[in-house]
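Participant: Going down the list, the sequences are from chains A and B. All residue numbers for the first sequence refer to the numbering used here, where the first residue is 733 and numbers rise by one. All residue numbers for the second sequence refer to the numbering used here, where the first residue is 906 and numbers rise by one. All C-beta atoms, glycine included, are put in the ideal place defined by N, C-alpha and C. Only a predicted model underlies this, so the values are computations on that prediction, with no experimental measurement involved.
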Amino acid sequence: MFRNVMSTRNMTSTTTPPSVDHGAPDPSTDGTSTSSRGTRVLGVLCIVGLAVLGVFTFAISPPDSNLGDSVRIMYIHVPTVAWAYLCLICCAASSVTYLVRRSRFADVLAHASAEIGVLLLGVTLVSGAAWGHITWGTYWEWDARLTTTLLLFLMFVGYLALRAVPPSSNAGPGSGAVRAAVVGTVSALMIPVVHKSVEWWASLHQGATSFGTLDGNIEGSQQFTLWLSFGVGSLVAVWLLMHRFRVGWLTAAAQDVALDEAIEARRAGAAGRVADAGAGS
Amino acid sequence: MNQWPSIVFAWTFGVVVIGGYAALIVRRGRRLSRQVPPSARRWIRS
């Protein structure tokens, strides 16, 4: 039995290499949460930034000449989709890194960024539906941009579901993480399709407004509020990513601790049986 | 057409979902922090 446990331990070490560093703890953390000095400052900036963004969105930014007040949805819709793209690209890059280097850091980062990417893409879809209800008269249309975005969302929901599946007992070392890394990499190939869908197919959805060829449609305080929303969105996304990464890291570390305790218990049990057998003979 | 219900819904949904998720991961982090030794809290080295 002990040998079986040890072989499981070795497999797990290979599955999620390398094991937890037992050096000095991160000195900036307080030891009771995943926060650190940096994330606490970032958190305060997020709250202040969201308050300022709220003032600009609802009080300072004027209604658009074409879109009316619905332009205010843009200040949540555009930054969330931009950061969803970035998080999913980060997931793909981390997945490739994991496939090449088998690094726990890359594996945990891929999982964390995919989860936040899905969250932000979900907010994008819902805020887009609310915007569509105003401008198109319908919450949903099987339009090229909307459909490809929904597909991207579902692909990464599938990725997260796959990560929640425990590896089978007869699977090879690291097969679960490798499987997830492959799916994450392939799913990210959908991102350029989503981005280009408004050019490749006829679409109700407008093309790029501020950074693309249709520049000039927004200006003044609308333009400033859009940039502000990107800035605040960046702070929030980085804060979320840091905390979610640390939660993922602690989850893996907790599994290591549980496994070490199980091995120690088995070792103590085996030593006790050897001692009993020696006393009996 | 009154646009404000959709605007308020979009913003409320976004803030509640993202804020709720933030609260959730902070809580999970606190719970996990009690389960692992301080030595395992070095995030970057792997």
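Beta-carbon separation of G916/A and A838/A under 8 Å?
Facilitator: In the first sequence, the residue the question calls residue 916/A occupies position 184. In the first sequence, the residue the question calls residue 838/A occupies position 106. Cβ distance not < 8 Å, so G916/A and A838/A don't count as in contact.
Participant: Please list the residues of the stretch 921–934 of chain B that have a C-beta atom closer than 7 Å to any C-beta atom in chain A, keeping them in chain order.
Facilitator: Correct list: V922, I923, Y926, A927, I930, V931, R933, G934.
Participant: Buried or exposed: which applies to A896/A, given that a residue is buried once 16 or more other Cβ atoms fall within 10 Å of its Cβ?
Facilitator: Within the first sequence, residue 896/A is the residue found at index 164, counting from 1. The residue is exposed, with fewer than 16 neighbouring Cβ atoms inside 10 Å.
Participant: Keeping to the same chain, check which residues put their C-beta closer than 6 Å to that of G929/A; ignore five residues upstream and five downstream.
Facilitator: Within the first sequence, the letter at position 197 stands for residue 929/A. Before going on, a small fix: residue 929/A reads as Ser here, not Gly. Once the five neighbours on either side are set aside, the close Cβ partners of S929/A are A876, R877, T880.
Participant: Tell me, to the nearest whole angstrom, how far the beta carbon of Y830/A is from that of T957/A; I am working on the premise that it is less than 8 Å.
Facilitator: The sequence position of residue 830/A within the first sequence is 98, counting from 1. The sequence position of residue 957/A within the first sequence is 225, counting from 1. With 8 Å as the limit, Y830/A and T957/A do not qualify as a contact, their Cβ atoms being about 38 Å apart.
Participant: Would you identify the three-state DSSP class for D988/A, choosing helix, strand or coil?
Facilitator: As a working mapping, residue 988/A is identified with position 256 in the first sequence. Of the three classes helix, strand and coil, the one that applies to D988/A here is helix, per DSSP.
Participant: Taking C-beta pairs closer than 8 Å, name the residues in chain B that I805/A reaches, listed in chain order.
Facilitator: As a position in the first sequence, residue 805/A is number 73, starting the count at 1. Residues of chain B passing the Cβ test: S911, I912, A915, W916.
Participant: With distances taken from CA atoms, which of L841/A, T867/A, S835/A, V813/A is nearest H975/A?
Facilitator: Reading the first sequence from its first residue, position 243 is the one you call residue 975/A. The option with the nearest alpha carbon to H975/A is L841/A.
Participant: Once you ignore the five residues that flank V968/A on each side, which residues in its own chain have a CB closer than 7 Å to its CB?
Facilitator: Reading the first sequence from its first residue, position 236 is the one you call residue 968/A. Cβ within range, chain order: C778.
Participant: Are there 16 or more other CB atoms within 10 angstroms of the CB of I866/A, so buried, or fewer, so exposed?
Facilitator: Residue numbering aside, residue 866/A sits at position 134 when the first sequence is read from its first letter. Buried, by the Cβ-count rule.
Participant: Can you tell me whether R947/B is buried or exposed? The criterion is at least 16 other CB atoms within 10 Å of its CB, across all chains shown.
Facilitator: On the second sequence, residue 947/B is found 42 positions in, with the first residue counted as 1. The residue in question, R947/B, is buried, as its Cβ has 16 or more Cβ neighbours within 10 Å.
Participant: Please state if the CB of A985/A and the CB of A945/B are separated by a distance shorter than 8 Å.
Facilitator: The residue labelled residue 945/B in the question sits at position 40 within the second sequence. The residue labelled residue 985/A in the question sits at position 253 within the first sequence. In contact: A945/B and A985/A (Cβ atoms closer than 8 Å).
Participant: Give me the chain B residues within the contact set of T812/A, using Cβ-Cβ distance strictly less than 9 Å, ordered along the chain.
Facilitator: Translated into positions along the first sequence, residue 812/A becomes position 80. Simply G919, I923.
Participant: How would you call G980/A, buried or exposed, if buried means at least 16 neighbouring beta carbons within 10 angstroms?
Facilitator: As a first step, residue 980/A is located in the first sequence; it is residue number 248 there, counting from the start. Looking at its Cβ environment, which holds 16 or more other Cβ atoms inside 10 Å, G980/A is buried.
Participant: Under the assumption that L851/A contacts W971/A (Cβ atoms under 8 Å), give the Cβ distance between them as a whole number of angstroms.
Facilitator: Taking the first residue of the first sequence as 1, we reach residue 851/A at position 119. Taking the first residue of the first sequence as 1, we reach residue 971/A at position 239. At roughly 13 Å, the Cβ-Cβ gap does not stay under 8 Å, so L851/A and W971/A are not in contact.
Participant: For T740/A, which of helix, strand or coil comes out of DSSP?
Facilitator: Here residue 740/A refers to the residue found at position 8 when the first sequence is read from its first residue. Only weak support is given to the placement of T740/A: the predicted model assigns it a pLDDT of 36, under 50, and the question is left unresolved by the model.
Participant: Is the number of C-beta pairs between the stretch 816–823 of chain A and the stretch 785–796 of chain A that are closer than 8 Å three or more?
Facilitator: No: the two stretches stay apart, fewer than three of their Cβ pairs being nearer than 8 Å.
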